[in-house]
Amino acid sequence: MEHVYSVMDLLLPFAWAEPFFMKRALLAVLLVAPVCAAMGVMVVNFRMAFFSDAISHSAFTGVALGILLGVDPRFTLIIFGALVGLGIMAIRGRSSLSVDTIIGVFLSFSVALGIVVVSAKKGLTRDLHAYLFGDVFAVSPSELGLMLILAVVCAAFLVVFFNDLFLIGVNERVAKAHGVNVKALQYFYALLLALVVTFTIRVIGLLLVTAMLVVPAATGRNLARSVRTMFWSAILVGSLSGIAGLVTSFYVKGAVGGGTIILIACLLFMISQLYATVRN
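Numbered per this note's numbering, the sequence shown spans residues 17 to 296.
See below:
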C-alpha cells in the first residue's frame, strides 16, 4: 500500500488527501461507488430496488448473528446476504407470486430474525452502530483488497453479459428466444449484487446502501438518451458523489461520510430531473 499512497501523494497534492485514513477512504469510494452505479443500472432496469433493500436489511441479521456466535461479522454479513439473495431468486422462479411479494417476505423474515437475535443479547446494538451508518474512514487494507477483487469480477461480468442482462430486463421470453441462459444470469447477478451490497455497507451503512445503487442510475437515466450513455453517466455521477461527499465530510465537522455522499448524489439527481423536465 505504501507505493499506492506515494502515487496518490503525487496525483493529489491537497491537504485533505494527506492523512492515511483519507487515502484509504478515497480508494474505498473509488472502488465501491462506480461498481454500485454500474450494478444499479440493472437494478433500475430490472425494477429491483426493493431487492437490494432486502439484502441490505438482511445484513443487519448477518452482523447480529456473527457477534452472537463469536464469528467475524464481516463474514456472516456476506454469507447471510448472499443466501437471502439466492433464496429470493430461487423462489421467484418457482412461485406464481409477484417478485415484490416474495422480496417482502424475505425482508420481513430478515428483520424479524435480526430483532430476535439482538434482543437475545444485551449491548448488541452498540456493536451494530458501525454497520447501520457505515464508516468509510475505518476501511482496512484487507477490505480494500476484497473490494478490488469484487470490482474486477463485476466489471468482467458486465463487459461480457451487459447486453444479455439488458435484454432480460426488457423481456425474458425474448431473451430466451435469443439463446440467453436467463436463470443462470439472474442467479449470478443476484449473487454479485448481494456481495456488492454487503461490501458497500462498510462504507455507506445499511440504511443508505440502496440509495448508492439507485440514485446514480436514476440520475444517469435522466441525463441519457441511450443505455450506453446511461451506464457511463451513472458511473460518473456515482464517482463524483463519492469523492465530493468524502471531501465535504473531511472539512465539515460532524458530517458522516456515507450520508454526505448520498446527499450529494440526491442533489445531482434533482439537477438531472430539472434538466430532463426542461429537455422534454
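Idealized CB from N, CA, C, for every residue including glycine.
As the structure is a computational prediction, the values presented were derived from the model and not from experiment.
Between Ser72 and Val213, the CB-CB gap stays under 9 Å.
Judged by DSSP in its simplified three-state form, Arg241 adopts coil rather than helix or strand. In chain order, Phe177, Asp180, Leu181 and Ile184 place their CB closer than 8 Å to the CB of Leu201, counting only its own chain and leaving out the 5 sequence neighbours on each side.
With fewer than 16 other beta carbons inside 10 angstroms of its own, Leu27 counts as exposed. Phe30 counts as exposed, since fewer than 16 other C-beta atoms from the protein chains shown sit within 10 angstroms of its C-beta.
The beta carbon of Leu43 lies closer than 6 Å to those of Leu160 in the same chain, with the five residues before and after it left out.
By a beta-carbon distance limit of 8 Å, Gly221 contacts Gly150. Their separation comes to about 3 Å. Boundaries of the alpha helix (DSSP H) around Arg108: Pro89 to Arg108.
Of the other Cβ atoms in all chains shown, fewer than 16 fall within 10 Å of the Cβ of Leu164; this residue is therefore exposed. In its chain, beyond the 5 residues on either side, Thr276, Ile277 and Ile280 have a beta carbon closer than 6 Å to the beta carbon of Gly261. The beta strand (DSSP E) runs of length 3 or more contained entirely in the region 37-79 do not exist; there are none. By the C-beta density criterion, Asn238 is buried, having at least 16 other C-beta atoms within 10 angstroms. Counting C-beta atoms within 10 angstroms of its own C-beta, Met58 has 16 or more neighbours from the protein chains shown and is therefore classed as buried.
The continuous stretches of alpha helix (DSSP H) do not include Pro29, and DSSP gives it neither H nor E. The C-alpha of Thr77 is placed about 9 Å away from the C-alpha of Ala128. Selection Ala234, Leu113 and Glu34 evaluated against Leu283 yields Ala234 as nearest (Cα-Cα).
For Leu166, the enclosing alpha helix (DSSP H) begins and ends at Pro157 to Val186.
Taking the CA atoms as reference points, Val272 sits about 13 Å from Met38.
Counting only the Cα atoms, Val100 lies some 16 Å from Arg110. Judged by DSSP in its simplified three-state form, Met286 adopts helix. In the same chain as Ile217, and ignoring 5 residues on each side of it, the C-beta atoms closer than 8 Å to its own belong to Ser72, Ala75, Leu93, Tyr147, Gly150 and Val225, in chain order.
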